[in-house]
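Mapping of the sequence shown onto the working numbering: position 141 corresponds to residue 144, and the numbering continues sequentially without gaps.
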Amino acid sequence: MDMKVNKKLNLKDRYNLLTRDLDWEPTYQKKMDIFPYLEYEGIKIHDWDKFEDPFRLTMDAYWKYQSEKEKKLYAIIDAFNQNNGHLQVTDARYINALKLFMTGISPAEYMAHRGFAHVGRQFAGAGPRVACLMQSLDEIRHSQTQIHSMSNYNKFYNGFQNWHHQNDRVWYLSVPKSFFDDAVTAGPFEFMVSIGFAFEYVLTNLLFVPFISGAAYNGDMAAMAFGFSAQSDEARHMTLGLEMIKFILEQDPDNLPIVQRWIDKWFWRGYRVLTLVAMMMDYMLPKRVMSWKEAWETYAEANGGALFADLARYGITVPKGWEQACKDKDHLSHQAWSTFYNYGAAAAFHTWAPTESEMEWLSAKYPDTFDKHYRPRFEHWAKEAKEGRRFYNGTLPMLCQTCQIPMVFTEPDDPTKIAYRESDYSGMKYHFCSDGCKDIFDHEPEKYIQAWLPVHQIYQGNCFTPEADPTAPGFDPLAEVLKWYRIEMGRDNLDFEGSQDQKNFQAWRDLATGN
4 MDMKVNKKLN LKDRYNLLTR DLDWEPTYQK KMDIFPYLEY EGIKIHDWDK
54 FEDPFRLTMD AYWKYQSEKE KKLYAIIDAF NQNNGHLQVT DARYINALKL
104 FMTGISPAEY MAHRGFAHVG RQFAGAGPRV ACLMQSLDEI RHSQTQIHSM
154 SNYNKFYNGF QNWHHQNDRV WYLSVPKSFF DDAVTAGPFE FMVSIGFAFE
204 YVLTNLLFVP FISGAAYNGD MAAMAFGFSA QSDEARHMTL GLEMIKFILE
254 QDPDNLPIVQ RWIDKWFWRG YRVLTLVAMM MDYMLPKRVM SWKEAWETYA
304 EANGGALFAD LARYGITVPK GWEQACKDKD HLSHQAWSTF YNYGAAAAFH
354 TWAPTESEME WLSAKYPDTF DKHYRPRFEH WAKEAKEGRR FYNGTLPMLC
404 QTCQIPMVFT EPDDPTKIAY RESDYSGMKY HFCSDGCKDI FDHEPEKYIQ
454 AWLPVHQIYQ GNCFTPEADP TAPGFDPLAE VLKWYRIEMG RDNLDFEGSQ
504 DQKNFQAWRD LATGN
């Protein structure tokens with residue numbers, strides 16, 4: 004019998020074929036055996052077909068869009084490399100921001116890829132499965148394009164070659180790493196709140212928009228290209244995260260308190276990771292786009308405030324740590340850079356004291372706090388360095404058990420007093436930098452007592468190469484830890500002034516311009 008088939012399907016029909024018509028109900032296996040994590044977290048889903056991905060992407064459309072972006076991206080990267088684009092950046096200090104991004108953020112993109120690939124397998128609904136598959140592909144693409152975009156700098160400057168090795172070991176990189184380790188070891192619904200919502204929707208703009216704007220403003224067309232190439236993906240990611248939250252909340256009223264706790268937790272965990280971004284914006288960019296305070300007011304207080312106002316109809320309230328985060332905007336970047344200036348000998352990039360003109364800019368952006376609390380510190384350090392006594396802290400700091408950042412943050416209402424919280428669990432005492440981190444620990448202590456804390460591991464002797472001998476005369480623990488990190492003392496770290504990166508940059512620029 005002849006059948007007339009309509010070969011021209013509209014977008015909705017094509018999407019339904021992929022996410023509905025290829026789905027089926029199991030017959031000889033129990034559904035909970037196929038999707039064992041669905042009830043693990045207490046979330047109740049009654050109708051998976053209620054989830055609608057507003058982009059309705061199919062695989063043929065996805066590859067078409069992405070291939071077009073790839074062609075444009077790699078054309079820009081090739082032009083940047085062939086024209087010695089690394090010499091067009093404002094000065095070599097900027098390159099240290101790329102080192103931080105490469106070691107801290109690019110591996111996190113790969114972890115997000117793994118997380119979404121795993122979570123997509125755990126959902127019983129075809130719509131969320133396909134959406135997570137698309138995002139998993141996006142995340143590995145972001146990791147790859149970032150590596151390719153910054154690979155040209157590896158030819159000329161130190162600190163890019165061991166990024167993967169360092170991500171697993173270096174003390175400050177345990178902050179973003181622990182965030183994603185925490186997320187991928189959660190259940191599937193919590194993962195979607197942690198990455199799909201809290202990170203992508205609430206916090207991504209504070210990461211990508213200021214960083215990519217800073218890259219463009221400082222002449223780095225390669226980093227700017229990968230950022231703009233990723234932005235259309237980020238729009239999808241934010242929408243997926245928001246739609247997933249709404250879908251979960253609409254399915255059953257019992258889901259609300261679970262989701263609210265996750266939003267409280269992951270907002271605070273993500274905010275602590277943004278400490279690195281705040282520092283980069285205010286101190287590591289030779290030409291600054293905006294201050295961290297301005298970025299927070301624009302992308303968090305305005306945009307985030309509107310988001311939580313929208314979610315209020317579902318019963319969601321503003322995250323528990325929101326008020327403190329808004330107070331901290333006047334202090335966060337200064338306290339973070341002070342810490343890295345202290346421990347610059349153990350970092351994989353160079354640090355420096357801000358110049359007088361930069362301190363004037365900071366004073367204008369932070370009129371209530373910078374001159375009063377932070378300028379005297381930087382002026383003292385600059386004076387000491389000028390007289391040949393550049394300060395490096397030779398001790399190791401106490402770390403927060405949850406976020407793994409050194410205990411350097413101050414009380415929300417008293418910037419002269421270090422914030423300190425503690426909890427007792429199973430006969431042990433644990434330390435925290437804030438109420439937010441303490442609350443997270445207290446809710447699931449069995450998870451966080453397993454944290455791999457770099458300072459603890461160093462003191463226990465677990466961060467040395469096999470040939471190291473702590474009993475040998477003149478044993479230098481810092482030198483041995485750096486060897487284990489694959490950081491070369493003086494070449495990869497210490498003060499920027501007089502560094503090999505600075506000398507190389509100036510020499511190559513002079514050669515290129517004929518000076």
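Ideal Cβ positions, reconstructed from N, Cα and C, are used throughout, including at glycine.
Query, Result
"Tell me the start and end of each unbroken alpha helix (DSSP H) in the segment 304-371 that is at least 4 residues and wholly inside, in chain order.", "306-314, 325-331, 335-345, 359-368"
"Using CA atoms only, rank isn't needed, just tell me which of F394, L402, M431 is closest to L497.", "F394"
"Are the Cβ atoms of H376 and P418 separated by less than 8 Å?", "yes"
"Select from I37, P409, S366 the residue whose C-alpha is nearest the C-alpha of G123.", "I37"
"Report the residue from E28, F54, F83 whose alpha carbon sits nearest the alpha carbon of Y156.", "F83"
"Taking 8 Å as the threshold (beta carbon to beta carbon), is A388 in contact with chain B?", "Among the chains of the structure shown, chain B does not appear; only one protein chain is present."
"Determine which residues share a DSSP beta bridge with D417 and list them.", "E414"
"State the Cα-Cα distance for the pair L176 and L60, rounded to the nearest angstrom.", "35 Å"
"Is it right to say L485 is buried, meaning 16 or more other beta carbons lie within 10 angstroms of its own, or is it exposed?", "buried"
"Considering only their Cβ atoms, is the gap separating S152 from H116 smaller than 8 Å?", "no"
"Near A281, what residues of its chain come up, given a Cβ to Cβ distance below 7 Å and the 5 sequence neighbours on each side ignored?", "W295, L335, S336, A339"
"Rounding to the nearest angstrom, what Cα-Cα distance links P357 and K249 in this structure?", "45 Å"
"Assign E55 to one of three DSSP states: helix, strand, or coil.", "coil"
"With DSSP collapsed to three states, give me the class of D184.", "helix"
"Tell me the DSSP secondary structure of D498 in three-state form.", "strand"
"Please classify S235: is it buried, with 16 or more other beta-carbons within 10 angstroms of its beta-carbon, or exposed?", "exposed"
"DSSP three-state label for R23, please.", "helix"
"Could you compute how far the alpha carbon of G318 sits from the alpha carbon of S109?", "35 Å"
"The beta strand (DSSP E) that contains H459, what's its start and end?", "Where H459 is concerned, there is no enclosing beta strand (DSSP E), although the alpha helix (DSSP H) it sits in stretches over 457-462."
"Hey, quick one: how far does the alpha helix (DSSP H) through S146 stretch, first residue to last?", "129-157"
"Along the chain, where does the alpha helix (DSSP H) that runs through K11 open and close?", "Counting along the chain, K11 falls outside any alpha helix (DSSP H), and DSSP gives it neither H nor E."
"Beta carbon of I80: closer than 7 Å to some heavy atom of the ligand ZN?", "As for the ligand ZN, it is missing from this structure, which has no ligand bound."
"Span of the beta strand (DSSP E) holding M522?", "What the structure shows of the chain is the stretch from 4 to 518, and residue 522 is not part of that stretch, so it cannot be assessed."
"May I have a chain-ordered list of the alpha helix (DSSP H) segments no shorter than 4 residues that lie completely inside the segment 215-300?", "224-254, 258-276, 278-282, 295-298"
"How many angstroms separate the CA atom of M401 from the CA atom of Q463?", "14 Å"
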